[in-house]
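Number of protein chains: 2
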Amino acid sequence: MTQVIRTSAELREKVATWKRSGMLVGVVPTMGALHDGHMSLVREARKQSDRVIVTIFVNPMQFNNKDDLAKYPRNEDHDLALLEAEGVDVLFAPGVHEVYPDGFATVVSVSGVSEPLEGAFRPGHFEGVATVVSKLFGMTQAGRAFFGEKDWQQVQVVKRMVEDLNVPIRVIPCPTIREDDGLAMSSRNVRLSPEERALAPKLYAEMQAAAEAIRAGAPVAETLAAAKTAISAAGFGDWDYLELRTADGLRPMTELSEPARMLAAVYLGDVRLIDNIAV
Amino acid sequence: MTQVIRTSAELREKVATWKRSGMLVGVVPTMGALHDGHMSLVREARKQSDRVIVTIFVNPMQFNNKDDLAKYPRNEDHDLALLEAEGVDVLFAPGVHEVYPDGFATVVSVSGVSEPLEGAFRPGHFEGVATVVSKLFGMTQAGRAFFGEKDWQQVQVVKRMVEDLNVPIRVIPCPTIREDDGLAMSSRNVRLSPEERALAPKLYAEMQAAAEAIRAGAPVAETLAAAKTAISAAGFGDWDYLELRTADGLRPMTELSEPARMLAAVYLGDVRLIDNIAV
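This is how it looks when you write it as structure tokens:
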């Protein structure tokens, strides 16, 4: 039986009873519209923790685009049924006013790793993420937090924040879960038309081919440019970026000299797809 | 026996053993150069907690003035002896690189209450305070934190940050401790010349007189202006501010309509004195 909790006061009481028994609490922060990617995080949390809290909060502070916020899919009953099936202990689903009450005035900012890529194309996004994640860590007092590598840069920002603010939690990144055709699972995929959905796996396929070429010694800039052209030619829209970056610090790389990540953000119709892979 | 700890890793281990026994940890964050004001916080922490950590860290991030940072008094042996005498369990005294290692990139900012007064005259000061206090709370995992009302605005900023980020700690403000002649105790007082030291209590005396007048119905602006003139005439230097503000939010007040605080910052020689009282 998954208990639904909506206030931080009630959550704190619940967590206090667990902590008194020495239990390790795991948290999976989500924005709902749960899919198998989220569920893999939940199963990992279940393995590594005594009690599991899944949070569902569509955080206005991390949306730079009001339209994207309005269109973000929401289906709590369906989400709750999935969490019940996995034996999640608590679904914490606070309202906006519970998270950001009147007078709220604090922002957590991470410089460096938050600045390129998503940070450049979604101004304020990672301040929203770092702030709400700080709050969720405070509210849940979890000892482990599970994040999907689908949002690779987010994982790096959260890890940086946790280390810098000495938050007593361990961040556990979990691999991206993909559809059978390779498309990275995302709550926004439901907004793709059937034609767009058929095209979508092309992004991952071309990224893989480019990564293989770069690993085999092909020049980075030219290989990425060719991949962008191929993906665009297949019918994708505007590019935000397709880049090779150092895996942890997300610094630019002109050649493959240390552990690297290839990261992409591109529009397909009016849906913005992101993906990333190891190189 | 007070144990001196210099790394957050060692502190975390220590705190973990306490937490396993269900102990409540109290923390008194200081910049050292301890005086009776600090010791009153330590005694309050002792009363309200099972274990007490005093932190000593002269935080470069909260000094907007490099000269003030360089001149800030430091005397750890003397401080340690005082803490031993009060039965403090741990003195946590990390180095600058332990608190801000290479790659450190996170800032905690509180808008609103941090902006006027000290915030206006010491740009970046409260970002430094909110950030280091967040870190110390994470490192110590304390359940109670004790702060002196001498730094009234700092208390309000920390309370706001704790509430906004849902930090699981209770902030306990403790009354300002004064010398027999009324001067608020401060680590910076040792930098006053004997003549300046003799003059210094005039600040508190005139603030008290002004508060009494305002409570009796005297007009706020005129009363504060007269107090500033009187204090300056006595031999003080430049004013940063002498203001009446709402006690919690530090909003400007033109008349006494809700709980209020009078706050002052003024130079005496090259020492900047601050003080505040209830009105």
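Protein chains in written order, with the working numbering: chain A, 876 to 1154; chain B, 876 to 1154. C-beta atoms are modelled at their ideal positions from N, C-alpha and C, and glycine is treated no differently.
query                                                                                                                                                                                                     : result
What's the gap between the Cα of W893 of chain B and the Cα of Q1016 of chain B?                                                                                                                          : 11 Å
Would you please state the rounded distance, in angstroms, between the beta carbons of L1067 of chain A and I1089 of chain A? I believe it to be under 8 Å.                                               : Going by Cβ atoms, the distance from L1067 of chain A to I1089 of chain A rounds to 28 Å, so no, they are not a contact pair.
Kindly indicate which residue of B:G999, B:D1026 and B:V1033 has the alpha-carbon position closest to the one of V1008 of chain B.                                                                        : B:V1033
With a cut-off of 8 Å, does the C-beta of A1020 of chain B fall near any C-beta of chain A?                                                                                                               : no
Going along the chain, which residues of the stretch 1001-1015 of chain A sit with their C-beta nearer than 7 Å to a C-beta in chain B?                                                                   : S1009, K1010, G1013 and M1014
At a CB-CB cut-off below 9 Å, which residues of chain B make contact with M1036 of chain A?                                                                                                               : A980 and T981
My assumption, with CB atoms under 8 Å, is that Q1031 of chain A sits in contact with V1004 of chain A. Please give the rounded CB distance.                                                              : That belief does not hold up - the Cβ atoms of Q1031 of chain A and V1004 of chain A are roughly 11 Å apart, past 8 Å.
So with CB distances below 7 Å, who are the chain B contacts of N1041 of chain A?                                                                                                                         : S883, K1010, G1013 and M1014
What runs of the alpha helix (DSSP H), each 4 residues or longer, lie entirely inside the stretch 1004-1081 of chain B?                                                                                   : 1027-1039 and 1069-1074
In chain A, what lies closer than 8 Å to V988 of chain B by C-beta?                                                                                                                                       : A980
I'd like to check one pair, A1139 of chain A with M1128 of chain A: are the Cβ atoms closer than 8 Å?                                                                                                     : no
Exposed or buried, which one is L958 of chain B when buried takes at least 16 other CB atoms within 10 Å?                                                                                                 : buried
Which residues, in order along the stretch 912-938 of chain B, keep a beta-carbon less than 7 Å from a beta-carbon of chain A?                                                                            : none
What whole-angstrom Cβ distance do L1011 of chain B and V902 of chain B have, given they're in contact under 8 Å?                                                                                         : 7 Å
Span of the beta strand (DSSP E) holding L955 of chain B?                                                                                                                                                 : L955 of chain B -> not in any beta strand (DSSP E); alpha helix (DSSP H) instead, spanning E951 to A960.
Which residues in the same chain have their Cβ closer than 6 Å to the Cβ of S1062 of chain B, if we skip the five residues on either side of it in sequence?                                              : A908 and P948
For V933 of chain A and E919 of chain A, what's the separation of their Cα atoms in angstroms?                                                                                                            : 22 Å
Expressed to the nearest angstrom, what Euclidean distance is found between the alpha-carbon atoms of R1045 of chain B and F1022 of chain B?                                                              : 11 Å
Which residue or residues does DSSP assign as beta-bridge partners of W1114 of chain A?                                                                                                                   : A:V1141
Tell me whether the stretch 1071-1085 of chain A and the stretch 913-929 of chain A touch, counting them as touching only if at least three CB pairs, one residue from each stretch, are closer than 8 Å. : no
Between V1037 of chain A and the rest of its own chain, which residues show a CB-CB distance below 7 Å, the 5 nearest in sequence each way excluded?                                                      : I1044 and V1046
Using a Cβ cut-off of 8 Å (strictly closer), state whether V985 of chain B contacts chain A.                                                                                                              : yes
Let me know the secondary structure DSSP gives P976 of chain A once reduced to three states.                                                                                                              : coil
Closer than 8 Å by C-beta to M906 of chain A: which residues in its own chain qualify, once you throw out the five before and the five after it? Chain order, please.                                     : I931, F932, V933, N934, Y947 and S1062
Whose CA, out of B:G978, B:E1133 and B:N1151, lies closest to the CA of M1060 of chain B?                                                                                                                 : B:N1151
Below 8 Å CB to CB, which residues in the same chain sit around T1006 of chain A once its five sequence neighbours on both sides are set aside?                                                           : M936, T981, V982 and V983
Taking buried to mean at least 16 other C-beta atoms within 10 Å of its own C-beta, is G1108 of chain B buried or exposed?                                                                                : Checking the sequence, you will find Ala at residue 1108 of chain B rather than Gly. Flag for A1108 of chain B reads exposed.
Would you identify the three-state DSSP class for G901 of chain A, choosing helix, strand or coil?                                                                                                        : strand
DSSP three-state call for P1127 of chain A: helix, strand or coil?                                                                                                                                        : strand
D964 of chain B by DSSP, collapsed to three states: which one?                                                                                                                                            : coil
Is it right to say D1056 of chain B is buried, meaning 16 or more other beta carbons lie within 10 angstroms of its own, or is it exposed?                                                                : exposed
Taking the alpha-carbon positions, what's the K1025 of chain A to P1050 of chain A distance?                                                                                                              : 7 Å
Considering S984 of chain A, what are the terminal residues of the beta strand (DSSP E) in which it resides?                                                                                              : T981 to V985
Look at G921 of chain A and G962 of chain A and say whether their C-beta atoms are less than 8 Å apart.                                                                                                   : It should be noted that the sequence gives Arg, not Gly, for residue 921 of chain A. In contact: R921 of chain A and G962 of chain A (Cβ atoms closer than 8 Å).
What number of angstroms, rounded off, separates the C-alpha of P1048 of chain A from the C-alpha of V985 of chain A?                                                                                     : 18 Å
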